[in-house]
Amino acid sequence: MKLDFNFIRNTFIAVLAGVPVTFKLVLVVLLFSIPIGFLVAIVRMGKEGVLSKILSVYVSFVRGTPAMVQIYLLYNAFPVVIMKYFQDKGSGIDVYGIKGLTYAYFILSTTYIAIMSECFRGGLSAIDKGQLEAAKSVGLTTFQGYYRIVIPQALAKVLPVLCNNVTGLVKMTSLVFAMSVFDITAIAKTEGAKHTTYVEAYLVIAVMYITLNLTIELIFKILEKRVHKYAGT
Amino acid sequence: MLELKNVKKSFGKNKILKGVDINVNKGDVVVILGPSGSGKTTLLRTINFLERADSGTMIFDGKTYDMKKAGKKDVNFIRKNTAFVFQNYCLFNNKTVLQNVTEGLIVGRKVPKAEAEEKARAALEKVGMLEYADYYPSKLSGGMQQRVGIARAVAVSPDIILFDEPTSALDPELVGDVLKVIKKLAKEDITMIVVTHEMSFAEDVANKVIFMADGVVVEEGTPDEIFYRPKEERTKQFLSRIIPMDNYVI
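Quick mapping for you: the protein sequence lines, in order, are chains C and R. No gaps in the numbering here: position 194 of the first sequence is 193 in numbering that gives the first Met the number 0, and each next residue is one more. No gaps in the numbering here: position 108 of the second sequence is 107 in numbering that gives the first Met the number 0, and each next residue is one more.
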């Protein structure tokens, strides 16, 4: 089989239009999942309570189901059920009016909040509690102790896992085509279908994902070097 | 200057402190001795509110505090006027030696940076760690880390320094350096309470020795009284087990 390089070039240009969508997905999801995931980790590490139990069930659910299944449930099944309910009530709310992109933000964020919370929980518990006590003993508040002493060290500890999570997120955004969101995968699929040149189309996006993830890995490598100075060894 | 009355603390069903009274005057070096599990460390931690006592009264700088109910403001005030030296140093690993010492001054007490660094350098000089000011803790030996821990406590000019077994996590050959530093501070009339198993150090430095067992103060007195003329059977028993083992020369 011969590769159609002309088509590769054309597909590349067409797929570029999807890059902002992929970027937006990654950035928005990180913007939600990092801070919220951190809060979830803190709550789960605190005293056992109702909230902590609910969160642990949530994390187990999200980690135990494929993202694709969550998409089927939330994007495909949920609106049918809820619409029926609204119609019975005579409400005019149009559930089908919600955009696929909104579902994509929601589903990826809930998944990544769970994943990030587990990563932060590991990082936080790796920091000796004594340092927080020492911070309090020299007159820092608990918040200052976390913010200035514990969190910077926990972040340094989780950088490799965080890098893994971010590259994983980049790859997971390829699922959004199932919610009719036109990211690079969706565009490649349609371009490939138009000309029945799937191999070329998929090669293009494979290279794109690799490039994106290599860049992310490089950024994390630089970050890791910067924190390395105090991280022992 | 510091008086504790009837301090009680349990962890679950385990009664650790069963009503402890102690009294510390300005310039005192009080050494607390006792077998493991006697509540020495817990007592020290309740003074700095790292552990909340179940009940008890503290008189500090002429003011009386309920140790169970003391509010945030009171706790902060007491913490800012006391300092704690931890058994396993607990240095801030993401800060240099100098930053470890300035942290409490700059962030906790709003001392201007230049002044804080000056104070920190003086404190590091005192413990012989000034030349390591720019090192990160992970690059230092245990003994060095503990000396930084002491500098961190000294720098904030506390009314009282609490030492929680400051040498028990150290290699035997490093113990001497740390004890020397504490001894030096004792000579400067800094008030301190030291929980330790170093008997000869206690005998040398303390002007008051408190012997605790099973959550109560069994006996207290001068080192002479406790070590050579103990009144209580429990004290005699403890000392007879410990003293022959003690060969450290300071």
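Note that beta-carbon positions come from the ideal geometry of N, C-alpha and C, so glycine has one too.
Hey, quick one: how far does the alpha helix (DSSP H) through residue i stretch, first residue to last?
| i | result |
| --- | --- |
| Asp73 (chain R) | 71–79 |
| Met198 (chain R) | 198–204 |
| Met211 (chain R) | Note, Met211 (chain R): premise wrong, no alpha helix (DSSP H); beta strand (DSSP E) at 207–212. |
| Val25 (chain C) | 18–44 |
| Val169 (chain C) | 150–171 |
| Leu173 (chain R) | 171–186 |
| Ile241 (chain R) | 232–241 |
| Tyr57 (chain C) | 49–63 |
| Ala96 (chain R) | This sequence places Val at residue 96 (chain R); Ala is not what is there. From DSSP, the alpha helix (DSSP H) with Val96 (chain R) extends over 96–102. |
| Met143 (chain R) | 141–154 |
| Val68 (chain C) | 66–70 |
| Lys109 (chain R) | It is not in any alpha helix (DSSP H) - Lys109 (chain R) carries neither H nor E in the DSSP assignment. |
For residue i, which three-state DSSP category applies?
| i | result |
| --- | --- |
| Leu90 (chain R) | coil |
| Met0 (chain R) | coil |
| Leu100 (chain C) | helix |
| Phe85 (chain C) | helix |
| Ser54 (chain R) | strand |
| Tyr134 (chain R) | coil |
| Val203 (chain C) | helix |
| Ile7 (chain C) | helix |
| Thr232 (chain C) | With a pLDDT of 40 at Thr232 (chain C), under the threshold of 50, the modelled position of that residue is not reliable, and the figure given next carries that caveat. If DSSP states are grouped into helix, strand and coil, Thr232 (chain C) belongs with coil. |
| Ile126 (chain C) | coil |
| Lys68 (chain R) | coil |
| Gly127 (chain R) | coil |
| Asn47 (chain R) | coil |
| Thr184 (chain C) | helix |
| Val137 (chain C) | coil |
| Ala168 (chain R) | coil |
| Gly33 (chain R) | coil |
| Thr214 (chain C) | helix |
| Arg228 (chain R) | coil |
| Ser116 (chain C) | helix |
Given this structure, state the Cα-to-Cα distance separating residue i from residue j, to the nearest angstrom.
| i | j | result |
| --- | --- | --- |
| Leu100 (chain C) | Thr166 (chain C) | 20 Å |
| Ala113 (chain C) | Met171 (chain C) | 14 Å |
| Asp65 (chain R) | Ile218 (chain C) | 52 Å |
| Val58 (chain C) | Thr141 (chain C) | 26 Å |
| Phe200 (chain R) | Asp170 (chain R) | 16 Å |
| Ala16 (chain C) | Phe176 (chain C) | 14 Å |
| Glu50 (chain R) | Val180 (chain C) | 54 Å |
| Phe48 (chain R) | Lys182 (chain R) | 26 Å |
| Asp163 (chain R) | Asn13 (chain R) | 21 Å |
| Leu139 (chain R) | Lys179 (chain R) | 18 Å |
| Glu187 (chain R) | Val153 (chain R) | 11 Å |
| Asp27 (chain R) | Asp127 (chain C) | 32 Å |
| Ala155 (chain C) | Glu223 (chain C) | 7 Å |
| Gln152 (chain C) | Asn92 (chain R) | 8 Å |
| Val49 (chain C) | Val42 (chain C) | 10 Å |
| Thr81 (chain R) | Ala185 (chain R) | 15 Å |
| Asn75 (chain R) | Tyr145 (chain C) | 16 Å |
| Met198 (chain R) | Ser32 (chain C) | 54 Å |
| Asp223 (chain R) | Arg120 (chain C) | 51 Å |
| Thr40 (chain R) | Lys125 (chain R) | 26 Å |
| Ile15 (chain R) | Glu102 (chain R) | 33 Å |
| Ile97 (chain C) | Lys46 (chain C) | 38 Å |
| Ile21 (chain R) | Glu218 (chain R) | 11 Å |
| Ile106 (chain C) | Gln69 (chain C) | 7 Å |
| Lys188 (chain C) | Tyr201 (chain C) | 8 Å |
Between which two residues does the beta strand (DSSP E) containing residue i stretch?
| i | result |
| --- | --- |
| Leu16 (chain R) | 13–23 |
| Met191 (chain R) | 191–194 |
| Ile159 (chain R) | 159–163 |
Based on DSSP bridge pairs, tell me the residues matched to residue i.
| i | result |
| --- | --- |
| Gly38 (chain R) | Answer is none; Gly38 (chain R) lacks a bridge partner. |
| Phe59 (chain R) | R:Leu1, R:Lys62 |
| Glu219 (chain R) | R:Ile209 |
| Ser9 (chain R) | R:Lys14 |
| Val28 (chain R) | R:Met191 |
| Phe83 (chain R) | R:Leu161 |
Which whole-angstrom value describes the C-beta separation of residue i and residue j, a residue pair presumed to lie in contact below a C-beta threshold of 8 Å?
| i | j | result |
| --- | --- | --- |
| Ile215 (chain C) | Val169 (chain C) | 7 Å |
| Lys112 (chain R) | Ile105 (chain R) | 6 Å |
| Gly127 (chain R) | Arg151 (chain R) | No, Gly127 (chain R) and Arg151 (chain R) are not in contact; Cβ-Cβ is about 14 Å, not under 8 Å. |
| Val215 (chain R) | Gly18 (chain R) | 7 Å |
| Asp3 (chain C) | Thr195 (chain C) | Wrong, their Cβ atoms sit about 11 Å apart, outside the cutoff. |
| Tyr104 (chain C) | Val160 (chain C) | With a Cβ gap of about 23 Å, Tyr104 (chain C) and Val160 (chain C) do not count as contacting. |
| Asn263 (chain R) | Gly55 (chain R) | Here chain R has residues from 0 to 249 only, and residue 263 (chain R) is not among them. |
| Gly129 (chain C) | Gly107 (chain R) | Contact doesn't hold; Cβ gap of about 17 Å is too wide. |
| Ile160 (chain R) | Val84 (chain R) | 7 Å |
| Ala212 (chain R) | Ser37 (chain R) | 5 Å |
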